[in-house]
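Residue numbers for the sequence shown follow this note's numbering, so the first one is 132 and each next one is one higher. Ideal Cβ placement from N, Cα and C applies to all residues, glycine included.
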Amino acid sequence: MDSKLIADRLPHRRHRLAIALSAGLLLSAGAMTGCSEDRATTAEKTPLGQQASPGGAYATIEDGEVIARINGSPLYRENLEVVKENLGAEVPEERLVSRMVELRLLADRAREEGLDRDPQTQARIQNAIDNQLANAYLVNYMTEMEVSESDVEAAYDKEMEALGKETQYRAMHILVEDEETARDLIAQLDDGADFGELAQEHSKDTGSGEAGGDLGWFSLDQMVEPFADAVGALEPGQRADEPVETRFGWHIVQLEETRPMPKPTLEQMRPELEDRARRDAINGMIAELRDSANVEILTSDVRSMVERDGDADSQTDSQASNQADNASGESAEAGDESDMGSLPAEPLKAMP
């Protein structure tokens, strides 16, 4: 079906946590550093001090397996494994080692020319180190984290209490180009014409039109506002006397029936509830780190950006929470296969 009315009928709102969550908390290696048009010039202006030897410029991996030496500096198997993991594709090891040797030789030459003392390069290196360490800590934190059964059950009970107050609607509609056509069809319905036949013949929404205008079950927040308001004002079996205008055209609306929002089981909700608990724990841990840290923002322009970012984070957390509150409907619908045959596919709110 290609209905253009249902908004996100089966919303993809589950929170993907794991490492993906940690990635959203961190800066990319070069995100805050900008770039330099002439790094060699910058390096020349930087006091060189003591030139480090290439062989001593690389970290030693304790108990690491050395697979090559380049000008005396070790290349470890762990280096190779990280590259293989990041590529995510099958590449012959000998080819990877060859490229890593070339990379090391270029890095050594950059040090010889003083580019490692370029402020932009130093900032990128520091950001990369911070990024990797922060990710390692978050992965370790999540690995050790346990979500108790009592927490899951309490969260489920809270969800079900809120869900019990919500209603689902099953309605029919005919979507046409203009008000005149809509009023003409309403007149035909008043004279006894069949709603389903008119929908099949005239509706621009071919998905629901093929089903006689039937939209299946939905909640009002899945619809654009004018349409949702019209449906919410009707009693089961009642048709709206006036056509409803949205940005998609003119709708003739008829409410068939209502029901309480179906409740998913605890097991259906468990992955989402556990993910939410982990997300909340991580957010709380980071908040504690910030509260206990001595952070000084020394320039006014950066201070204002940090304040705006904090406000945006608060709004994002609120929106994510609201989305999670609504996501329970997804689990319920997934468990109610009797509805699947009448589900329109294209979301109205997603249309241009």
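Original post:
Just curious, the alpha helix (DSSP H) that Arg-410 is in, first and last residue?
Top reply: 397–423
Subject >> Status (buried if at least 16 other CB within 10 Å, exposed otherwise) for Ile-417 >> reply: exposed
**OP:** Starting from Ile-201, follow its DSSP beta bridges and name the residues at the other end.
**Re:** Ser-204
Original post:
Alpha carbon to alpha carbon, how far is Met-91 from Glu-405?
Top reply: Because the chain is modelled from 132 through 483, residue 91 falls outside the range shown and cannot be assessed.
Original post:
Roughly how many whole angstroms lie between the Cα atoms of Val-375 and Pro-393?
Top reply: 28 Å
Original post:
For Thr-312, which three-state DSSP category applies?
Top reply: Helix, per DSSP.
Original post:
Rounded C-beta distance between Leu-386 and Gln-369? I'm assuming under 8 Å.
Top reply: 6 Å
Original post:
In terms of residues, what are the limits of the beta strand (DSSP E) holding Pro-223?
Top reply: Run containing Pro-223: none; DSSP gives neither H nor E here.
Original post:
Nearest CA to the CA of Ala-330: which residue from Gln-251, Ala-342, Asp-322?
Top reply: Of the residues Gln-251, Ala-342, Asp-322, the one whose Cα lies closest to the Cα of Ala-330 is Ala-342.
**OP:** Using three-state DSSP, classify Leu-360 as helix, strand or coil.
**Re:** In the sequence under discussion, the amino acid at residue 360 is Asp, which differs from the Leu named in the question. Helix.
**OP:** Have a look at Glu-297, Asp-261, Thr-312 and flag the residue whose alpha-carbon is nearest the alpha-carbon of Ile-383.
**Re:** Thr-312
**OP:** Evaluate the contact criterion for the region 269–283 versus the region 301–308: three or more CB pairs, one atom per stretch, below 8 Å.
**Re:** no
Original post:
In chain order, what residues of the same chain lie with their CB nearer than 7 Å to the CB of His-333, ignoring the 5 residues before and after it?
Top reply: Ile-305, Val-307, Leu-316
Original post:
What do you reckon, are the CB atoms on Glu-209 and Gly-219 nearer than 7 Å?
Top reply: no
**OP:** Measure the Cβ-Cβ separation of Glu-388 and Arg-301 and say whether it is below 7 Å.
**Re:** yes
Subject >> beta strand (DSSP E) segment containing Leu-386, residue limits >> reply: 380–391
Original post:
Under the rule that 16 or more other beta-carbon atoms within 10 Å means buried, what is Met-354, buried or exposed?
Top reply: buried
Original post:
Thinking C-beta only, is Val-214 closer than 7 Å to Leu-234?
Top reply: Going by C-beta atoms, Leu-234 is not nearer than 7 Å to Val-214.
**OP:** Classify Val-213 as helix, strand or coil using the three-state DSSP reduction.
**Re:** Note: Val-213 maps to helix in three-state DSSP.
Subject >> Beta-carbon gap between Leu-397 and Tyr-268 smaller than 7 Å >> reply: Contact check for Leu-397 against Tyr-268 fails: the beta carbons are separated by 7 Å or more.
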